[in-house]
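Working notes for the structure below.
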Amino acid sequence: VKKIAVFTSGGDSPGMNAALRAVVRTASYYNLECYGVREGYNGLINNDFTRMGPRSVKNIITEGGTILKSARSKEFMTKEGRQKAYDNCVKHGIEGMVCIGGDGTFKGAKIFYEEYGIKVIGIPGTIDNDIFGTDNTIGYDTALNTAMEAIDKIRDTATSHNRVFFVEVMGRDAGFIALNSGLATGAIDILIPEKKDSIEDLFEVFERAEKAGKSSSIVVVAEGEKLGSIYDLAKATQVGFPDYDIRVTILGHIQRGGSPSCADRVLASRLGYGAVIGLMEGKTNVMAGMQSNKLTYTSIEEAIKKHNEMDQELLKISEILAI
Ligand code: F6P
């Protein structure tokens, strides 16, 4: 390939800029022409391409968000939208694409490749860590640290007032942020979609905590938890324990912003490099990932269909340490 395009799509994540920087600079190093496309698939459709070189990505390794902006394109889901996108790629002579995003982004890349044969390589950028074929996704570590710092602050006020806090963290259908931030902040219980929770189990945890002399506690709830909304859980707990002073905090989009952590910057740099190398080697319809500290390529199909297992030992540890 001689000309490539790169874009960020779906929910943004800290480290997307670092990945973009790595793609643009690796392309330049190997004398490939590189175009940045604004607002994900919308930019392909609206012909929003900009030629990028090493200086276009200066000073962005430290920045959260994405300078290319991001979108979840509805038009790209239509055949007409994809045709327009393809026509624009042909106009610019694009032979390969690097798509930075999560599973929605990869679904788009897969279908585009199948319909038009443009080479595509995905880079996993999402705070949710819900992509198979990489140990971590770009942005997950930063989001985890943001959640941890926020929950630490909640603990201060929970302790001062002898309160019970239910804290909701993001993750869509996955509980990785919840499990790890809960473990790191000493949550009394962690409710995630991957394990079968019941209100009885939760009540038992509160009873045990009372017996152990705890006067305040934090329950971390994944947004995808199936037992009920965080407000339902708080209400049910209030009925079961009328004396409790309960508060609910939803951390929300603060988890998506901020300067990326060192781990995310390094991961993004390695994957950005890996994606360009993959394209030069003729790889397509794959995602660049890091597994056991090695650069790997997993078919996009597998990356979106399969799921990383929740670490059972981590779950057990979180229970043991919450006594
Ligand atoms: O996929 C990233 C994510 O932040 C999820 O954790 C969350 O469910 C979703 O995106 C929120 O999407 P939006 O920014 O469209 O509200």
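For the sequence shown, the tail end lands on 328 under the UniProt record's numbering, and the numbers increase by one without skipping. Heads up, the beta-carbon is just placed ideally off N, CA and C, and yes, glycines get one too. Since this is a predicted model, take the numbers as computed values, not measurements.
Taken atom to atom, the span from the alpha-carbon of glutamate 286 to that of leucine 326 is near 48 Å.
Partner residues in a beta bridge of arginine 43, as assigned by DSSP, do not exist.
A Cβ-Cβ separation of about 10 Å leaves glycine 48 out of contact with phenylalanine 81 under the 8 Å criterion.
Here valine 172 is not near valine 103, since their CB atoms are 8 Å or more apart.
Within a 10 Å sphere around the beta-carbon of lysine 96 sit fewer than 16 other beta-carbons, which makes this residue exposed.
Remark: the shortest separation between the CB of aspartate 53 and any heavy atom of the ligand F6P does not fall under 7 Å.
Within the same chain, Pro19, Gly262, Gly263, Ser264 come within 6 Å of glycine 69 by CB-CB distance, once the 5 residues on both sides are set aside. For glycine 113, there is no enclosing beta strand (DSSP E); the residue is part of the alpha helix (DSSP H) that begins and ends at 108 to 121.
At least one heavy atom of the ligand F6P falls within 7 Å of the beta-carbon of aspartate 133. When Gly113, Arg56, Gly107, Gly106 are compared, the shortest CA-CA separation from lysine 84 is found for Gly113. In this structure, the straight-line span from the alpha carbon of threonine 55 to that of glutamate 44 is close to 12 Å.
For the pair glycine 294 and proline 247, the Cα-to-Cα distance works out to about 49 Å.
The C-alpha of lysine 216 is placed about 16 Å away from the C-alpha of glycine 245. Annotation: glycine 130 to glycine 107 spans about 6 Å, alpha carbon to alpha carbon.
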